[in-house]
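Before any comments, here is the structure.
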Amino acid sequence: MTHVTNTNVAHLSRQSTMPSQSSSSSITNVPALSKSNAYSGTSLSSNLSMFSFSHEVIHNYTAAHDTLDLVIIGAGQAGLALGARMKEMNSAMSMLILDRQAQVGDNWRSRYDSLKLFTPRKYSQLPGLPLSGDPEGFPNKDEMADYMEHYAEHNELPILRNCDVTSVQLINQNHTTSTHNHQPQQEPTHEISAQLQTDQPCSGGRFHLMIHGFDKPLCCKQLVLAHGAFSVPFVPEWAQQISPSIMQIHSSSYLRPDQLPTGIVLVVGGGNSGAQIAVELSRTHQVSFSVRSPIRHLPLRTLGRSTFEWMDTLGFLHAPTDSWRARLLRKQGDPLFSYELKEALDTGDIQLMKAAEAWDNASSSIVFADSSTLSPTSIIWATGFKQDHDWLKLPNLRNSQGHIMYRGHHTQIPGLFVIGMPWQQARSSALICGAGRDAVKLAVDIVANDDIS
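With the first letter of the sequence shown counted as 1, position 56 gets the number 56 in my numbering; the numbers rise by one all the way through.
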């Protein structure tokens with residue numbers, strides 16, 4: 001059992017969640033994608049589709065391609081859907097997908113054992129490959145992990161696994177690399193006030209990617225950020241003040257009830273993951289559930305149909321970002337799917353608490369918004385994630401809060417796109433069922449941009 005100590009619970013770094021960078025095998029003579037053969041029927045053989053990072057593999061790519069046409073960072077649902085769509089369009093562009101996981105789907109495999117999606121299988125699949133099983137049933141995390149891996153293999157996507165991109169910089173025509181990040185959105189992209197000279201310029205490329213364990217940059221003309229909206233577990237700063245005798249873990253590290261000692265468990269965070277974990281723990285522990293806002297419960301099924309099917313039928317699931325439906329959904333906030341938590345609260349199996357706000361050392365207890373207190377044995381922080389974009393050394397990309405600025409899939413930097421972020425095109429943009437829809441639109445823009453670049 002791994003404890004997250006009070007000295008680091010609020011500062012789980014991006015690097016701390018990285019897989020090992022060592023290659024699982026030595027791969028030689030890996031054929032490289034080219035403008036002419038990138039998606040021909042024979043060039044993308046199974047031995048090229050997915051491979052682990054090694055000096056030799058990345059050297060072959062950089063040797064054969066001083067500059068790739070397209071690099072996608074992230075092999076989650078959004079990156080996979082976009083890669084498949086690019087191949088479907090039969091584009092001649094050279095493409096490579098970089099992923100820091102040891103295996104495609106590991107972001108699902110690492111989740112808690114009992115995790116089940118609240119979207120039925122028919123809304124939990126990507127275009128071109130059905131998810132096996134009852135389409136009305138709800139897949140578990142291992143099903144989703146295997147499905148994502150199978151999807152990558154099925155589409156023979158060129159994925160470099162165990163690959164940690166440590167920095168992305170913008171290359172100018174004078175072969176200088178921008179490292180300054182303007183904050184105000186209105187500043188024009190071409191105004192770059194800080195530059196570093198690079199000894200390894202990219203011929204015809206705009207983006208300079210450094211990869212952990214490799215000293216030569218990987219360069220590309222167009223770049224897509226498909227690494228997800230949030231990557232670092234968020235825990236409030238005051239959690240460091242909590243007594244070391246109380247076990248603390250983030251929900252991303254929770255696997256099963258036997259991780260926790262007997263006694264009172266406080267689950268902090270009112271999202272669906274926190275709710276599922278609280279319900280599971282209530283069967284073996286005394287559980288309190290702390291939320292900041294009123295809970296809105298929705299059933300998984302209504303009148304014989306899944307809630308997501310009703311949302312789809314009524315135009316809410318894929319509601320365009322600027323529509324009245326989108327404004328209504330944003331105002332309401334995300335609901336909790338399933339009535340399991342509601343039933344546990346009604347029966348008293350779970351105690352509902354106001355927002356957890358502080359630690360009182362004198363009483364050795366958590367203080368809540370209504371001044372009530374609780375002395376738990378362990379705490380699960382189901383408080384979500386925060387963005388970590390310090391590795392993106394790009395101008396005019398982030399606002400003063402450090403969030404990537406985008407409109408649709410476009411950033412203010414020509415040739416730099418994002419996918420898989422909340423509300424890019426619609427309500428479903430960050431969901432599996434929306435990844436394929438968004439990929440269609442972005443792929444068209446990428447190909448068009450390649451034609452004029």
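Ideal placement from N, C-alpha and C gives every residue a C-beta, glycine not left out. These numbers were taken from a predicted model, which means no experiment stands behind them.
- Beta-bridge partners assigned by DSSP to R407: H410.
- The DSSP-derived three-state label of T347 is helix.
- Shown here, I380 sits in a strand according to DSSP, grouped into three states.
- Residue environment for D99: buried (at least 16 other C-beta atoms within 10 angstroms of its C-beta).
- With a contact defined as Cβ atoms closer than 8 Å, S363 and T373 qualify at about 6 Å.
- DSSP places D146 in the uninterrupted alpha helix (DSSP H) bounded by K141 to H154.
- If you look at W359, you'll find it in the beta strand (DSSP E) that goes A356 to D360.
- Between V235 and H250, the CB-CB gap stays under 9 Å.
- Measuring C-alpha to C-alpha distances from S288 to each of S273, S253, I380 and L329 identifies I380 as the nearest.
- The alpha carbon of P414 has as its nearest neighbour, out of W324, I446 and P335, the alpha carbon of I446.
- Here W324 is exposed. Its C-beta has fewer than 16 other C-beta atoms within 10 Å.
- Taking the Cβ atoms as the reference, P139 lies roughly 6 Å from L131, within the contact range of under 8 Å.
- Listed in chain order, the alpha helix (DSSP H) elements of length 4 or more contained wholly in the stretch 231–312 are 272–281.
- Separation of the CB atoms of S378 and P261 is rounded to 6 Å, and the pair is thereby assigned contact status at 8 Å.
- Just so you know, the alpha carbons of H208 and R109 end up roughly 31 Å apart.
- Per DSSP, the beta-bridge partners of M95 are L70.
- Per DSSP, the beta bridge partners of A426 are P320.
- Per DSSP, D215 lies in no alpha helix (DSSP H) segment; the continuous beta strand (DSSP E) that holds it begins and ends at F214 to L225.
- One thing to note: P158 has its Cβ no nearer than 9 Å to the Cβ of L80.
- For Q401, there is no enclosing alpha helix (DSSP H), as DSSP gives it neither H nor E.
- The count of Cβ pairs closer than 8 Å, one atom from the stretch 419–426 and one from the stretch 309–324, reaches three, so the stretches are in contact.
- Taking a C-beta distance under 9 Å as the contact criterion, R283 and Y112 do not qualify as a contact pair.
- The continuous alpha helix (DSSP H) containing Q77 extends over residues Q77 to E88.
- In the structure shown, L394 falls within a coil segment according to DSSP collapsed to helix, strand and coil.
- Apart from the 5 residues on each side of it in sequence, G333 has no Cβ closer than 6 Å to any other Cβ in its chain.
- Membership of R109 in any beta strand (DSSP E) is not indicated; the residue belongs instead to the alpha helix (DSSP H) covering D106 to R109.
- Taking all protein chains in view, the Cβ of L345 is crowded by 16 or more other Cβ atoms within 10 Å, so the residue is classified as buried.
- Per the coordinates, the alpha-carbon of D360 lies some 45 Å from the alpha-carbon of Q169.
- Taking every protein chain shown into account, the CB of N399 has fewer than 16 other CB atoms within 10 angstroms, so this residue is exposed.
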